[in-house]
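Student: Here's a structure for you.
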Amino acid sequence: MIVFSWYRGSNEKWLDAYKDPVASLYTLTQCITLSDVQADGDWKLIIADLGTGTFDMKLKVYKGTNLMSENTIIDLPTGVETFYMDTHEPRTPAIAVASGPYIYVYKNLRPYFKFTLPTLEVNPVEADLWNQVKEEKINIFVLREMLEGMRAEGTVLTVRSLRFLQLQDITDCEAFANLYRFTPLRRQTVITSLATLKKSHADEDAISCLVLGTESKSVYVLDPEAFTVLTTMELPSVPVFLSVTGLFDVEYRIVVACRNGCIYTLKRGTTVTTKNCIELNSQPVGLQRINKTIYVGTMDEALHCYTSKGKKLWTVKLPASMTTMEIIDYKPKGFKAVIVALSNCNVHIYKEKYLVNIIKTDDVVTGLKFGRFGREDGTLIMTLRAMHRTFQRDLYLLRLNTAREYVKSLENRMNPISSDPQEPLKLNATVQGIGPMFKLTVNLQNTSLSNPSTNLLITFQYDDKLYAFKNSFIEVPMLVPGLNYAFETYVECQSDKGISDNVKVYILRQGKSIPIITGIISMPCTDVEPIANVKKKNQDDF
Amino acid sequence: MGLFSKLASLLGIKKKEANVLFVGLDNSGKTTIINKLKPEDAQQHDVVPTVGFTVEKFKNKSLSFTAFDMSGQGRYRNLWEHYFKECHGIVFVIDSTDKLRFAVAKEELSMLLDHNEIKRKRIPILFFANKMDLRDSVSSVKLSSMLKLEDIENKPWHICSSNGLTGEGLSEGTEWLSREMESAIKQQN
Chain D
1 MIVFSWYRGS NEKWLDAYKD PVASLYTLTQ CITLSDVQAD GDWKLIIADL GTGTFDMKLK
61 VYKGTNLMSE NTIIDLPTGV ETFYMDTHEP RTPAIAVASG PYIYVYKNLR PYFKFTLPTL
121 EVNPVEADLW NQVKEEKINI FVLREMLEGM RAEGTVLTVR SLRFLQLQDI TDCEAFANLY
181 RFTPLRRQTV ITSLATLKKS HADEDAISCL VLGTESKSVY VLDPEAFTVL TTMELPSVPV
241 FLSVTGLFDV EYRIVVACRN GCIYTLKRGT TVTTKNCIEL NSQPVGLQRI NKTIYVGTMD
301 EALHCYTSKG KKLWTVKLPA SMTTMEIIDY KPKGFKAVIV ALSNCNVHIY KEKYLVNIIK
361 TDDVVTGLKF GRFGREDGTL IMTLRAMHRT FQRDLYLLRL NTAREYVKSL ENRMNPISSD
421 PQEPLKLNAT VQGIGPMFKL TVNLQNTSLS NPSTNLLITF QYDDKLYAFK NSFIEVPMLV
481 PGLNYAFETY VECQSDKGIS DNVKVYILRQ GKSIPIITGI ISMPCTDVEP IANVKKKNQD
541 DF
Chain A
1 MGLFSKLASL LGIKKKEANV LFVGLDNSGK TTIINKLKPE DAQQHDVVPT VGFTVEKFKN
61 KSLSFTAFDM SGQGRYRNLW EHYFKECHGI VFVIDSTDKL RFAVAKEELS MLLDHNEIKR
121 KRIPILFFAN KMDLRDSVSS VKLSSMLKLE DIENKPWHIC SSNGLTGEGL SEGTEWLSRE
181 MESAIKQQN
């Protein structure tokens, strides 16, 4: 669900503009941006939709409330930004989508360029192991054992090795190793956060560099024209939120919130950072900056404010845990505040440490964006957790699992002799006749020594367009062990096209839906034409 | 009023003058509509976003209009109220495709109706649900219920769908407006 509201600054602070309960979007604050991507003064909403989390990831562009364009993204998106990469007229910005180890750049809403993060060094032992597999010096069991040992020691492995270790089945492992052993081993990292940094001018439409944080604990600054890495900076932990100010060519500050619960400040010229750190009591959930103050929301239901030097100014206790945060910068009224979405379906607005406004929503907000949209300043866009969607997905999974189990059980019983020791039965079916009427005989034998079988049923599965059964359901009397019982029914073939099909016989126990045994009967073709047709033909001849 | 003009208006040769205020959000089509109402030889080909406001004059059968074409951009909207005092009629133009900003248009309208100069006066208000030719436009009936026009008290109002580019629906609206304004002016005299 997606909700739009307009900020009015006056008594009634928000105007409810539009609500789309069936937008079925799953997105986060980092994956929403507003930009004049067509340079027509009508600002568009750009959303990277996470889809189901594994499928259906899309880059969506909304013009007003209408979906204007849609591009499929291959992997899970982790950030969306727009930036000016050249000085051409008209001034159309490019869209950058971070996904896996790649940055996908779109210009004029079309794919334009794919940037791949530089590969990292592979552990020499790991590389050697895969090399030996390639030369067939070691088998997969040795490989698996060695890799497991390395992982236990805390070595960072490549994605290929990790995937290999995940595989449960030995045949899968073998197939996997055979498939990949000839391709060179590479270690790639994943982009965790994306931001932009103006290159040499501070104008609104000046060329910007992309700033990326990666899972390999580094921050990269990319050149917007050549897509080369301008600067690499190392951090003690994985960066998760970035806040960037300044100009790349002059002086800049990148405030980075890391997964270890620390905030670091990177400047022009830094390559390795260990100091300049704010230590939080808990993991960060959001990082924003207004002028020189840093606002951080943490997992322990608190909002903190720090100076850029790292001095704590204040802490506000939140009534519930925070899901995301965003800045309100409403220029017509010069109003700046922090907007915080909470897990109790409220959205709080803090002007400095004072709560100035509360918005109530129907569900938990997962994504927030404030800015210019369409032709008007001050839109707040809220994406809500899609309950319906979660429900739908679970329902699908349930159906899939049920179907799988059912197929499995049918396949297991696809046997004329019961494998279940509780139901020792033997099935044998014969077809007699030359058609179109056949006689189908099902022979059942209780193969146990002393236990009689009771409450059994015989039923058939067949194409009802092709066959008509006189008796498609037969109740079986008690079966005495060792004796052979024959049950007969007549089957009429309905088609005169000379085709035949398989008919399945199920032996069921009353009250249970899984058959005890299943028999497949391959029906013979009809040799004689149906009598009605013969009669008709004869009449035609006269 | 001079002797001649008095005589002329008595004889019905000279038309009565009316000030009409054109308001509405930016990009709703106010300037385009005024452009279409002007005589054909005075029309412009290119319409650009209005900065501040412009004044245009045109006539129809009974009245001579002085149209104040106000800019609809956010930063100029506070200029509107300065012209409320002298106006005889208001034309509120709405982009009927811009669903997202109906809430903003409604807000601006209620601020206009609540203004001291407008509140107690019986000023006719004409609404143009403009851009009716576009595929995702909202009908005038739906628009009037979305903007809660039925709640307007003590003022005659009328809404019609229009297309500022072809001129469709404009004459219906302006005829209604001039009728209303004429009767209001007569009452004043």
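In order, the protein sequence lines correspond to chains D and A.
Residue numbering for the first sequence follows the UniProt record's numbering, starting at 1 and increasing by one per position.
Residue numbering for the second sequence follows the UniProt record's numbering, starting at 1 and increasing by one per position.
No residue lacks a Cβ here, since even glycine has one placed at the ideal position from N, Cα and C.
All of these numbers come straight from a predicted model, not from anything done at the bench.
Tell me which residues share the same chain as A17(D) and place their Cβ nearer than 8 Å to its Cβ, disregarding the 5 neighbours each side in the sequence.
Tutor: F4, S5, W6, T379
Student: According to DSSP, is H201(D) part of a helix, a strand, or is it coil?
Tutor: coil
Student: Mind checking the segment 51–77 of chain D against chain A and listing, in chain order, the residues whose C-beta falls within less than 7 Å of any C-beta there?
Tutor: G64, T65, N66
Student: Quick one: what's D49(D) bridged to in DSSP?
Tutor: K58(D)
Student: Contact criterion: CB-CB distance below 7 Å. Does K121(A) meet it with respect to chain D?
Tutor: no
Student: Considering only their Cβ atoms, is the gap separating S110(A) from residue 199(A) smaller than 7 Å?
Tutor: There is no way to answer for residue 199(A), as the model of chain A reaches only from 1 to 189.
Student: Would you say E107(A) faces chain D, with C-beta separation under 7 Å as the test?
Tutor: yes
Student: Pick helix, strand or coil for A23(D), following the three-state DSSP scheme.
Tutor: Reduced to three states, the DSSP call for A23(D) is coil.
Student: Between I73(D), T119(D), V505(D), E234(D), which has its C-alpha nearest Q461(D)'s C-alpha?
Tutor: V505(D)
Student: Quick check on the burial criterion: 16 or more other C-beta atoms within 10 angstroms. Buried or exposed for K198(D)?
Tutor: buried
Student: Show which residues of chain A have a CB atom less than 8 Å away from the CB atom of A17(D).
Tutor: L100, R101, F102, A103, V104
Student: So, helix, strand or coil for E182(A), using DSSP?
Tutor: DSSP places E182(A) in helix when its eight states are reduced to three.
Student: For the beta strand (DSSP E) containing W130(D), name the first residue and the last one.
Tutor: Segment 124–134 is the alpha helix (DSSP H) holding W130(D); no beta strand (DSSP E) there.
Student: Answer with yes or no whether the minimum CB distance from M1(A) to chain D is below 7 Å.
Tutor: Low confidence applies here, because M1(A) scores a pLDDT of 48, under 50, leaving its location unreliable and the question unanswered by this model.
Student: Leaving out the 5 sequence neighbours to the left and right, which residues in its chain are closer than 8 Å to P452(D) when beta-carbon positions are compared?
Tutor: N446, M478, L479, V480, P481
Student: In angstroms, rounded to a whole number, what distance separates the CA positions of D20(D) and I517(D)?
Tutor: If you draw a straight line from the Cα of D20(D) to the Cα of I517(D), it is about 52 Å long.
Student: According to the neighbour-count rule (16 or more other Cβ atoms, all chains shown, within 10 Å of its Cβ), is C525(D) buried or exposed?
Tutor: exposed
Student: Return the Cβ separation of I294(D) and I339(D) in integer angstroms, given the expectation that the two are a contact with Cβ distance under 8 Å.
Tutor: Between I339(D) and I294(D) the Cβ distance is about 16 Å, and since that is not below 8 Å, they are no contact.
Student: Under three-state DSSP, which class holds K99(A)?
Tutor: Note: K99(A) maps to helix in three-state DSSP.
Student: Tell me the rounded alpha-carbon separation between G367(D) and E326(D).
Tutor: Whole-angstrom Cα-Cα distance: 9 Å.
Student: According to DSSP, simplified to helix, strand and coil, what is L25(A)?
Tutor: DSSP places L25(A) in coil when its eight states are reduced to three.
Student: Where does the unbroken beta strand (DSSP E) through M437(D) begin, and where does it stop?
Tutor: 437–446
Student: Please report the straight-line C-alpha distance between E182(A) and L63(A), rounded to a whole angstrom.
Tutor: 8 Å
Student: Residues of chain D with CB under 7 Å from G74(A), in chain order?
Tutor: Correct list: P332, E376, D377.
Student: I'd like to know whether the C-beta of D69(A) is nearer than 7 Å to at least one C-beta of chain D.
Tutor: no
Student: Which same chain residues, not among the five before or five after M1(A), have their C-beta less than 6 Å away from its C-beta?
Tutor: Confidence at M1(A) is low in this model, with a pLDDT of 48, below 50, so the placement of that residue should be treated as unreliable; the coordinate-derived value is given next. None.
Student: Could you work out which residue in A152(D), V125(D), E301(D) is closest to S321(D) when comparing CA atoms only?
Tutor: E301(D)
Student: Under the rule that 16 or more other beta-carbon atoms within 10 Å means buried, what is E86(A), buried or exposed?
Tutor: exposed
Student: Give the DSSP bridge partners of F128(A), in chain order.
Tutor: V93(A), C160(A)
Student: Using the C-alpha atoms, what's the distance from L508(D) back to T459(D)?
Tutor: 8 Å
Student: For a cutoff of 7 Å on Cβ pairs, would you count W6(D) as touching chain A?
Tutor: yes
Student: Going by DSSP in three states, F4(D) sits in which element: helix, strand or coil?
Tutor: Assigned with DSSP and collapsed to three states, F4(D) falls in strand.
Student: T82(D) and P93(D) look like a contact to me (Cβ under 8 Å); what is the Cβ gap, rounded to whole Å?
Tutor: 4 Å
Student: From this set, Q187(A), D69(A), K186(A), A105(A), which residue's C-alpha is nearest S31(A)'s C-alpha?
Tutor: It should be noted that the sequence gives Thr, not Ser, for residue 31(A). When only C-alpha atoms are compared, the closest one is D69(A).
Student: Using a Cβ-Cβ distance cut-off of 7 Å, determine whether N27(A) contacts chain D.
Tutor: yes
Student: Cα separation between F473(D) and F55(D)?
Tutor: 44 Å
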